[in-house]
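Protein chains in written order, with this note's numbering: chain A, 1 to 900; chain B, 1 to 643.
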Amino acid sequence: MITLTIDGKQVNANEGMTVYEAAKEGGIYIPTLCNHPYLTPYGACRLCIVEIENMRGFPTSCTMPASDGMVVRTNTSQLQELRREILELILSEHPYVCLVCDRKRDCEPYRASIRKVGVTTGCQFCPKNGRCELQKVVDYIGIREVTLPYEYKELPIERGDPFFDRDYNLCILCGRCVRVCQEVRGIGAITFTCRGSQALVGTAFGRSLQESGCRFCAACVDICPTGALVEKRRKWEGVAERSVVTTCPYCGVGCQVTLEVKGERVIAAIPSDGVNRGQVCVRGRFGIVEIVDNPQRLKTPMIKRDGELVEATWDEALEIVANRLSWYNEREVAIICCAECTNEDSYVLQKFARVVLGTNNIDHYARLCHASTIAGLSRNFGSGVMTNSIAGIENASCILAIGTDMANSQPVAEVNVKRAVNNSAKVIVANPYWVGLCRFADVWLQYRPGTDVILLGGIMKIIIDEGLADISFIRERCDGFDSLAESLVGLDLDYVAKITGVLPGQLIEAARLYATSKPAYTIYGEGLTQQYPGSDSVSAVANLALLTGNIGKPSAGVNPVVGLNNVQGACDMGVMPDFYPGYQPVADVANKQKFEAAWGTSLNSTSGLTPTEILHAIHQGQIKASYIVGDDPTLHGKLEALDFLVVQGLFPSPVSQVADVVLPAASFVEKEGTFTNAERRVQLIRQAIQPIGSSQPDWWIICQIARRLGGRGFNFNKPSEIMTEINAIVPIYGGISYHRLEKGSLQWPCASGQHDGTAILYQETFDRGRARFTALEYKSSAEAADANYPLILTTEPSLYYFHAGAMSVGLGEFSVLAGEAQVVVNPEDAAEHGVTNGEAVRVVSRRGGMEAKVKVAGTVPVGVVSMPLHLVHSIISLVIDPVSKIPEYKVCAVRLEKRP
Amino acid sequence: MTFGEIHKQAILEWEALQNSEKPRIFVGTATCGRAAGAMAVLEAIDKELSRRNIDAIITQVGCIGLCYAEPLVDIIKANRPRICYGGVSPEIIPQLIEDYIISDNPRPDMALGTIGEYSIDGLPKLFELPMLRPQVRISLRNCGLIDPEDIKQYVANGGYSGLAKALRMSPEEVIEEIKKSGLRGRGGAGFPTGQKWEFCRRSPGKEKYLICNADEGDPGAFMDRSLLESDPHAVLEGMLIGAYAIGATQGYIYCRAEYPLAIERLKMALKQMAEYRLLGDNMLGSGFSFQIEMKEGAGAFVCGEETALMMSIEGKRGMPRSRPPFPAVSGLWGKPTNINNVETWANVSAILQRGGDWYASFGTEKSKGTKTFALAGKIVRTGLIEVPMGISLGDIIYEIGGGIVGGKRFKSVLTGGPSGGCLPASMLDLPVDYESLTQAGSIMGSGGMVVADEDTCMVDLARYFLSFTQAESCGKCVPCRVGTRHMLNILERITQGEGQSRDIERLERLAQVVKSTALCGLGQTAPNPVLTTIRYFRDEYETHINERRCPALACTALISYYILPDKCEGCGICLRDCPVSAISGGKRMVHVIDQSQCTKCGTCLDVCPDRFSAVVKVSGGTLTVPTEPTPVTKSKGDNRASA
C-alpha cells in the first residue's frame with residue numbers, strides 16, 4: 001500500500017496502480033476518453049494530464065505509475081486550460097453544436113421527434129445521446145465555444161455488416177475499439193489505418209468486418225465512448241428506462257448481462273461484471289434481443305382440432321394435457337427436456353415425472369453432450385463435474401484444450417485463455433480441425449477424430465518414461481497407478497502416430513510442456529465426449545491430470561466447459577433417468593426412501609430411458625405419450641408414432657407441428673429462477689419484462705398440470721419457494737438460497753447457509769476418497785471408413801447457432817453469418833475426389849445424405865471432412881457409448897457425391 | 001582464432017596492400033557517389049584498364065563527405081601519396097589513366113588533394129582543405145578510406161581492438177569509460193550514454209535487448225546512411241561493446257528500408273563477424289554471447305522514435321507509448337532495452353579503442369566529443385562533416401561550407417531537422433552544443449543542417465517542415481494529430497495571402513498546446529520550426545498577413561511576374577517558353593503577361609536574357625504596364641549599352 005497526495009488529499013493506492021487509478025480510488029475525477037479499466041494504459045486523448053511535483057511537463061495520469069509520496073494536482077487552472085484546448089481540438093473533428101449549446105437542457109424533452117436522420121450533426125441527432133462520454137467530459141471541462149474551424153470528415157457510414165454500424169465521422173481515435181479487439185478478445189479484426197490527420201479506424205484493406213475475422217462480440221461497441229459504433233437495433237431507442245442484471249442463456253459460461261429495458265421491450269443486452277468480466281459474445285449481445293422480441297414467439301396455447309393446431313385458453317389446453325396423460329401407465333410415458341430451463345423448472349419437471357407420472361423416463365439433452373463426463377470422471381474422482389473455475393484459466397501456466405472449439409462454443413471462456421497467453425501461459429491445442437485457439441497455441445496436435453484415448457495414452461507414456469509424473473501426489477492421493485503404467489508399457493509412439501496422425505516429436509513436446517508447466521489447466525468439450533468410447537476419453541484426460549498432480553489445485557483440473565447454459569443445473573436437479581436431484585441414484589433404496597418421505601408418495605425404483613432409448617421405444621410403440629420441453633433437431637421426424645404429444649417452448653418447430661397440445665413458455669427474461677453454469681456456479685436470472693402474449697414460466701405450467709392430476713407438493717407461488725425445497729433435499733445445494741444469490745453467485749457444493757461454496761474441488765479428498773487411475777484400452781470408433789464411405793465426417797459447433805429451438809438458425813442477422821451449409825475438405829481429398837471450392841455436393845453417410853457446398857481448406861486433416869453439428873443430425877451416427885449412452889456425433893463415415 | 005591472430009593477419013594483408021607495386025584505384029560508391037554517377041565511372045575505369053591491359057587494384061570505398069565534389073576517385077601509385085580527384089566523369093577516365101597511371105602526370109588541375117604522409121608539388125593535402133581542416137573525424141574515421149565490405153581492413157585500422165579491450169574489462173568498467181568520455185546520445189536528445197547503459201544494466205531481468213536506431217528520417221539528413229555504407233563495423237563494434245556492458249544477448253539494427261545499400265553492407269558485415277567469431281556464442285572465447293538481427297522499417301518517420309521503433313520490431317503498428325516505464329526497464333517485448341543511434345555506436349567503438357579521456361578532450365564542458373552534420377541547402381560545399389562540439393554555426397557555414405551559393409545573403413539555418421528550429425544570421429556565433437541550441441529554441445537533433453538564403457521564405461519553410469511532421473504523425477495523440485493539422489492550415493492560409501490578424505497568436509497558442517501535451521518527441525518538437533521562425537522572423541509573418549506580401553518573393557500565391565516595357569526588346573523567348581501561353585507579343589513588340597493566365601512558374605524570368613532583364617517578380621502590389629503588346633520604342637542594343 002502506498003500513499004499519494006492528490007489535490008491536497010491523502011489517497012491510498014495499491015502498488016502498481018496508475019495515478020489515474022489512485023485518484024479514482026480516492027474519489028477524484030480526472031477526465032479521460034481513451035483510458036478504460038479493461039485495457040492497458042494508452043495515453044492518446046491527453047485529457048488526463050496532471051501536474052506532479054518534481055516532474056517536468058504534464059504527464060498523463062493514465063500512464064504514470066503511482067509511487068509513494070507523490071504529490072499530484074489534477075485541476076490547476078493551467079491544466080484546465082490545456083484540457084480545454086485539447087478538447088477543442090477533439091471537437092474540431094466531432095460534431096459539437098449540441099455539446100456546447102446553452103439550451104441543451106431545455107431541448108431534452110423534444111429530441112425524439114427530430115432524431116432519425118442519416119447523418120449525425122449534433123447530439124440530438126446522435127444515437128448515443130445521453131450515453132456519450134464526450135458529453136460528460138465537455139460538461140466537466142465546461143466548453144462554451146469552439147474557436148477552431150470545424151472539419152466534418154465526410155466519411156460514408158459503414159452499414160454493410162450485421163448488428164452494428166460504424167460512423168467514423170464521430171470517431172475520436174481513442175483506440176479503445178482497436179485495443180479491446182486485440183488485447184482482450186485476441187481477434188484483431190480492426191486496426192488503425194493511415195497516419196497523421198488521415199489516421200482512422202478500419203479493417204485491413206477496407207474489407208468488411210466479417211471478412212476481417214470479426215466475431216461480432218461488440219466489445220468495440222460497448223467500449224466506444226462516442227456514437228461512432230452503435231447497434232442497428234437500438235439506434236434510436238435512446239437511454240434505457242431501467243436495467244436488469246441477469247444470466248445469459250446461450251452457453252455454459254453463464255455470463256452476466258445487463259438488460260436495458262424501455263417500456264416492455266428489451267432494447268439491448270450489454271455485458272456486465274461476473275464470470276465474464278465485462279465480455280460477452282455475439283449470442284448474448286444480440287441473440288437475447290433477437291429471441292425475446294421475435295414476432296414468431298408462441299403467444300397462446302394451441303390444441304389440435306381436426307388435424308390443425310388452433311388457439312385455446314390455458315384452461316382448455318391444461319385440461320386436455322392432464323386428461324390425456326392420465327390414460328397412460330408409467331412405462332408408456334416419457335419426458336424429454338432441454339438443458340435451457342431454470343433449475344426450478346427442471347426440478348419441478350422431474351418431480352412431476354416421478355411423483356405424478358410415476359416414471360423415471362425423463363432425461364435431457366445433456367445426454368447428448370455431457371453424459372460421458374459424468375460417467376468418465378466419476379470413475380476417476382467419484383463425481384463428474386468441472387473441477388475448477390473458469391476464472392482460474394487466466395493464471396494457469398499451461399492450458400490443454402482438447403476436443404473443444406471454444407471460439408465458437410464458449411467464446412467468453414476463450415477470452416480467459418487469451419488472458420493466460422498474455423501472462424505467458426503455454427497452450428496445447430488438440431483438435432482434429434483448426435480452431436481459433438490454434439493461433440495462440442505452442443503445439444497443435446491435429447489428431448484423427450475418435451483417437452483421443454491413444455493420443456492421451458502416448459502423452460502419458462512419455463511423461464512416465466521421462467520421469468515427469470508427480471509421484472508424491474500419486475502416492476498420497478491416487479490408486480491404480482501401477483495398472484495404468486502397465487497398460488502403457490507396450491505402447492509404441494510410432495504406433496500412436498500411425499493411429500492418430502500426430503508425429504512423435506509433437507507428442508513429446510506436448511507431454512513435456514504439460515508436465516513441466518504447472519499448474520496445467522485442461523479444458524475439454526464435445527470433441528472428446530461425443531464418441532463411442534466417450535467415457536474412456538474423459539477418463540484418459542482425468543488420468544493425465546492425476547498423473548501430473550494437476551487436481552485439487554488452483555488453475556489446474558479437468559474442466560468440461562459445457563455447451564448449453566443449464567446442462568449442469570438440469571443434471572444437478574435430477575432430470576436424468578437414473579438419478580434423483582443431487583446425483584442420488586434412484587436404484588439405491590435409501591435414496592428412494594428419502595425422496596418418498598420428502599415428496600410424500602411412493603416412488604418407482606426402476607431406472608428410466610435416455611433420449612436415444614426413448615426415441616427407440618416410441619418407434620417400437622412402447623412409449624405412447626410424451627412431454628417435450630424445448631426443441632432439438634434430434635427429435636425431428638421421430639415423434640409421429642406417439643398417441644399423444646405435448647410440446648412446451650418458445651417457438652413453433654418441426655416438433656410442435658406434430659404435437660397435440662402446444663404450450664407457450666415464457667423466456668428467461670420474463671421469469672425468475674437460477675441457472676448453474678459449467679463451473680457449478682448458481683446464478684440468478686431476473687425478470688425484466690412481463691411474459692410475451694399469454695406465455696407462462698415452465699415451472700408454472702408443470703405445476704398446473706400436476707395439480708390437475710392430483711399431484712401434491714406443487715403449490716409453489718414463486719421460484720424461490722422451489723429453491724427452498726431443493727435446499728432441503730439436495731445437499732450440494734443446501735446453502736444456496738435466493739437471499740444469498742441476490743448478493744452474489746455461489747458454486748456448489750455449498751452445504752449450508754454458512755458455507756461459502758467451492759471454487760476448486762478435491763483439494764483434500766475425492767468424492768470416492770482416493771482418486772483412481774483408469775487403465776484404458778484403445779477402442780476404435782464404432783463407425784469406420786470403407787471403400788464406399790472413404791471419409792470421416794466430424795462435427796463442429798457454430799458461433800451463430802444456439803439452442804433456442806431450431807429457430808436460431810433462421811434468426812435475423814444470425815442466418816446471414818451462419819451462411820449456407822458447408823463441408824470442409826482437405827485440398828488433397830478435394831483433388832482425389834474431384835471436388836472444387838464452392839462446388840455443391842451431396843454428403844452421404846450410411847444413414848442418408850444432404851446437400852452442402854465444398855470449402856477446400858487445410859484446416860482438416862487428410863481423410864477427414866467437417867460440418868456444423870446442427871445441420872447434420874439426419875446423417876450422423878447414433879451408435880452410443882455403452883457406459884454413458886452418449887451418441888458418437890464426432891465420427892461418421894461419408895462419401896462426397898458430385899451432383900450430376 | 002584469437003583476436004591477436006585475426007589482427008596480425010589483417011595487418012599483414014593491409015601492409016601488403018600498401019606496399020603493392022600495382023596501381024590502386026578507389027571509387028566512392030556510397031549512395032551519394034552513385035547518385036552522382038560513380039557506377040558509370042567505375043565501369044569506365046574497368047573498361048579502360050582492361051583495354052590497356054593494366055593490372056590495378058580497384059576498391060569501392062564509402063563516402064568521405066565531399067558531396068559537392070562527387071564522384072570521387074582516388075589513385076595510389078607505388079611510392080606516391082594517394083591523390084583524390086573530384087567531379088570525375090566517365091569521359092575523362094581514359095585521359096586520367098593515360099596521364100597519371102601511364103605517363104606519371106598527376107594532373108593537379110583535376111585533383112582535390114593528396115592523402116597520406118607524402119605530398120606532391122602543386123597539390124594541397126586533402127585534409128588541409130578548408131572543408132576538412134576544421135573537422136575532427138572520430139565516428140567518420142574510416143569513411144572513404146577503407147573498403148567497407150572487408151572486415152580485415154577495419155581490423156587493420158584499429159577495428160575491434162575496442163571490443164577486445166572491453167572484454168578484458170568488467171562491464172562496469174566499460175560503462176565507467178563511456179561516462180568518462182562524456183558521450184551523449186547522438187540521436188538528438190543528448191542523454192548521457194553511460195548513464196543510460198547503467199540504468200539498463202541495473203534493471204532486473206536475464207533477457208535484455210540492445211538496439212541500433214538506423215531509422216534516419218529527417219529531410220536533409222544522411223549521416224547514418226553514409227556511416228553505415230562506409231564503415232559498418234565501426235557501428236557494429238560499438239553495439240558489441242554496449243551489449244557486453246549492459247548484459248544484452250540479442251541486438252537489433254532497425255534500419256529504414258529506403259537504405260538498401262546500408263542494409264546490404266550491414267548484412268555482409270554481420271556475416272563476416274560471425275565468420276571471425278565476433279558474433280554469436282562465446283565471442284572471442286570470452287564467454288560473452290550476442291546476436292544481432294536486422295529489421296527493416298516500412299517508411300514511417302515516427303519509427304525513429306524509440307518506443308514506436310520497438311513496437312515496429314515487435315510486428316505492431318509503429319506508435320509511440322508513454323514513458324515511464326522507460327525502455328531501460330521495459331522496452332522491447334517488455335524486457336530491459338537499450339537503444340542508441342548509429343553515430344553513438346560508432347563513437348563508442350572509438351572511445352574504447354582510444355580511451356574516454358581522449359574523447360573528452362574534444363568539445364565543450366557539457367557537450368564532449370564531436371558531432372556529424374549533413375550540410376544541405378543553399379550552401380556552396382554540401383557534404384557530410386564531423387566537427388568538435390562548440391564550433392560556431394558561422395564557422396560551419398562559411399569556413400567548412402564555403403558560404404552561400406551565388407554569393408547571396410545568408411538568412412537562416414535549420415538544425416535538428418523538422419523537429420528543430422530556424423536560426424537567423426544574428427546567431428551565427430552560437431556555439432554548436434546541446435545547451436546552446438536548445439536555448440536558442442532549436443535542437444541538436446541527429447545532425448541535419450539545412451541552409452536557407454535570402455530567396456527562402458521563412459513562413460513557407462515552416463509550412464514545409466510542418467507539412468512533413470503533420471503527415472508523419474502516427475495519429476495516436478490528439479495534440480499531434482489534430483493540433484498540427486490546424487497549425488498547418490493556418491500556415492497554408494498565410495502563404496496563400498489569406499492570413500488573418502490573429503493568426504500568429506493562434507499559431508503560438510496551438511504550438512504551446514502541442515509542445516506541452518503531445519505524447520512523444522515527434523509531436524513535442526513539431527512546432528519548433530514554426531515557433532523559431534515566429535521568434536526570429538516575425539516581420540515576415542506580419543508582412544504576409546498585413547501586406548499580403550512575401551518579402552522573399554517565394555510564396556507563389558503572393559507574387560506576380562511583369563515584363564518591363566522599357567526593357568523588353570521583343571525577342572520572343574519568353575513567349576515561346578511560357579508553358580501556359582500566358583504571354584502575348586510579337587517581333588519588336590513589348591511582350592505582356594496575362595496575369596489571369598499566369599501560373600507563376602517563373603520560366604519567363606529564367607529565360608529572359610540577362611542583357612535585357614526585362615522580367616521582374618514583385619510581391620504585394622501591382623506594376624502598371626501595358627495590357628496589350630506595344631511597339632518597342634528604343635533602338636536595339638540600348639540595354640547592352642547602358643549595362
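Glycine included, each C-beta is placed from N, C-alpha and C at the ideal position.
Check	Outcome
Close beta carbons around G188/B, own chain, < 7 Å, minus the five adjacent residues each side	G416, I443, M444, G445 and S446
Contacts that A13/A makes with chain B (C-beta to C-beta distance below 9 Å)	None at all; the shortest Cβ gap to chain B is about 16 Å.
Proximity test, Cβ basis, 8 Å: P65/A and chain B	yes
Proximity test, Cβ basis, 8 Å: G475/B and chain A	yes
Residue closest to N361/A, alpha-carbon to alpha-carbon, out of R331/A, Y583/A, A759/A and M723/A	R331/A
CB contact check: Q500/B to chain A, cutoff 8 Å	no
Contact with chain B by G673/A, beta-carbon distance below 8 Å	no
Within chain A, partners of V513/B - CB distance below 8 Å	L82, E85, I86 and L89
Whole-angstrom distance between I172/A and H94/A, CA atom to CA atom	7 Å
Neighbourhood of V862/A by C-beta, 7 Å cutoff - its chain only, sequence neighbours within 5 removed	N826, E828 and D829
Contact belief for L352/B with I241/B at Cβ below 8 Å, rounded distance in angstroms	5 Å
Per-residue burial, K295/B [other beta carbons within 10 Å of its own, 16 or more giving buried]	buried
With 16 other Cβ atoms within 10 Å as the buried cut-off, status of F814/A	buried
3-residue-minimum beta strand (DSSP E) runs that sit fully inside the region 688-719 of chain A, ordered along the chain	none
Endpoints, alpha helix (DSSP H) assigned at C571/A	V567 to D572
Neighbour-count burial assignment, P900/A, 16 or more Cβ in a 10 Å radius	exposed
According to DSSP, residues forming a beta bridge with K368/B	G363/B
Identity of the residues DSSP links to E897/A by a beta bridge	R842/A
Separation of P887/A from T610/A, as counted between CA atoms	11 Å
Beta bridge counterpart(s) of D74/B as assigned by DSSP	F26/B and C84/B
Buried or exposed by the 16-neighbour rule on C-beta atoms within 10 Å, applied to A784/A	exposed
Below-8 Å beta-carbon distance, V530/B vs any chain A residue	no
Neighbour flag for P479/B against chain A, beta carbons, 8 Å	yes
8 Å Cβ cutoff, G212/A in contact with chain B	Reading off the sequence shown, one finds Ser at residue 212/A, where the question assumed Gly. False, the Cβ-Cβ gap to chain B never drops below 8 Å.
Inter-residue Cα distance where the pair is E133/A and C224/A	9 Å
Interfacial residues, the region 181-197 of chain A to chain B, with Cβ spacing under 8 Å	T191, F192, C194, R195, G196 and S197
CB contact check: E472/B to chain A, cutoff 8 Å	yes
Sequence-distant residues of the same chain with beta carbon closer than 6 Å to R179/A, five excluded per side	L39
Limits of the alpha helix (DSSP H) - the one that T438/B falls within	Y434 to Q439
I593/B - DSSP class collapsed to helix/strand/coil	strand
Under the three-state DSSP convention, the category H739/A falls into	helix
N408/A: first and last residue of the uninterrupted alpha helix (DSSP H) it sits in	M406 to S409
Boundaries of the beta strand (DSSP E) in which Y562/B is found, first to last residue	I559 to I563
Short CB-CB distance (under 8 Å) between S322/B and chain A	yes
Where the alpha helix (DSSP H) through T859/A begins and ends	Segment: none, T859/A is in no alpha helix (DSSP H) and carries neither H nor E.
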